[in-house]
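For the sequence shown, the positions run -25 to -1, 1 to 123 when mature numbering (1 follows the signal peptide of the UniProt record, and there is no 0) is used. What follows is a single structure, written as structure tokens, with notes after it.
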Amino acid sequence: MKNHFLAVSGAKLILLLVFLSNVVAADEEEIIEHIPGVNKVSAEELIELANQIPELLIIDSRIVSDRAHGYIEGSNSLPDTDTDCDSLAETIPDKTHPTLFYCNGPKCGRSANAVQIAKQCGYTNLHWFFGGFEEWQDKKYPYVKDKQ
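Shown next, in the form of structure tokens:
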């Protein structure tokens, strides 16, 4: 009886460990680090890009509640959940207009999702700030926070 209990408990423990390792692996797999045809930039490169291309359109792909904590000055709010070909056409002047997407950071998939949608809709001059608002704040770059 005692051996049966230990065997069942051991089997349950192994199943739990396998489940947890799959959850961790799934979380790691969700981080997209490269999108073909999209220029991935750092915070410094974003500043350089904005200086070189004054018409650069910056799109904040975060949800409104995240944006309330602060955002890059001059960025437009277009959450990835609202991003489709129609909303992009309303926001971006044409399909070759230089456009950059960002969200909270590497673990936030919103900007990756939005920039992939833009690519599928035929936009070609796309940039992606992978480090996102997290990197921007870490570098102590200025940002805007609306008054509550």
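Glycine residues also receive a C-beta, built at the ideal position from the N, C-alpha and C atoms.
Cβ-Cβ separation, residue j to residue i (assumed contact under 8 Å), whole Å
i, j, result
"Trp111", "Ile47", "6 Å"
"Pro81", "Ile6", "6 Å"
Sequence-distant residues of its chain with Cβ nearer than 7 Å to residue i (five each side left out)
i, result
"Asn79", "Arg37, Asp41, Gly107, Phe108, Glu109"
"Tyr116", "Ala18"
Through-space distance from residue j to residue i, alpha-carbon basis
i, j, result
"His44", "Cys83", "15 Å"
"His72", "Lys114", "27 Å"
"Glu20", "Leu75", "11 Å"
"Ser52", "Leu24", "19 Å"
"Ile67", "Thr58", "12 Å"
"Lys122", "Pro29", "27 Å"
"Pro90", "Lys120", "Strictly speaking, residue 90 in this sequence is Val, with Pro absent from that position. Going by the C-alpha atoms only, they are around 24 Å apart."
"Asn26", "Glu65", "24 Å"
"Gly12", "Tyr77", "16 Å"
Among the options, the one whose alpha carbon lies nearest that of residue i
i, options, result
"His102", "Leu32, Asn26, Ile6", "Leu32"
"residue 124", "Gly97, Pro54, Asn26", "Only positions -25 to 123 of the chain appear in this structure, which leaves residue 124 out of reach."
"Cys60", "Asn26, Asn51, Ala93, Phe104", "Ala93"
"Ile34", "Asp55, Ala18, Lys15, Ser17", "Asp55"
"Arg85", "Phe105, Ser62, Val13, Ile28", "Phe105"
"Asn14", "Leu53, Gln27, Asn100", "Asn100"
"Tyr118", "Leu24, Glu20, Ala25, Ser50", "Ser50"
"Val16", "Lys122, Gln95, Ala87, Asp121", "Ala87"
Contacts around residue i, its chain only, beta-carbon distance under 6 Å, and the 5 residues preceding and following it disregarded
i, result
"Leu63", "Ala93, Cys96"
"Leu(-9)", "Caution applies to Leu(-9), whose pLDDT of 40 falls short of 50 and renders its modelled position unreliable; the value that the coordinates give is listed next. Around Leu(-9): no qualifying Cβ."
Same chain only: Cβ atoms within 8 Å of residue i, ignoring 5 sequence neighbours per side
i, result
"Val39", "Ser52, Pro54"
Curious, which full-length beta strand (DSSP E) runs of at least 3 residues does the region 7 to 60 contain? For the region 7 to 60, whole beta strand (DSSP E) runs of length 3 or above, ordered along the chain, are 14 to 16, 32 to 35.
What are the uninterrupted segments assigned as alpha helix (DSSP H) that are 4 or more residues long and contained completely in the region 66 to 110, given in chain order? Contiguous alpha helix (DSSP H) elements confined to the region 66 to 110 occur at 85 to 95, taking only those with 4 or more residues.
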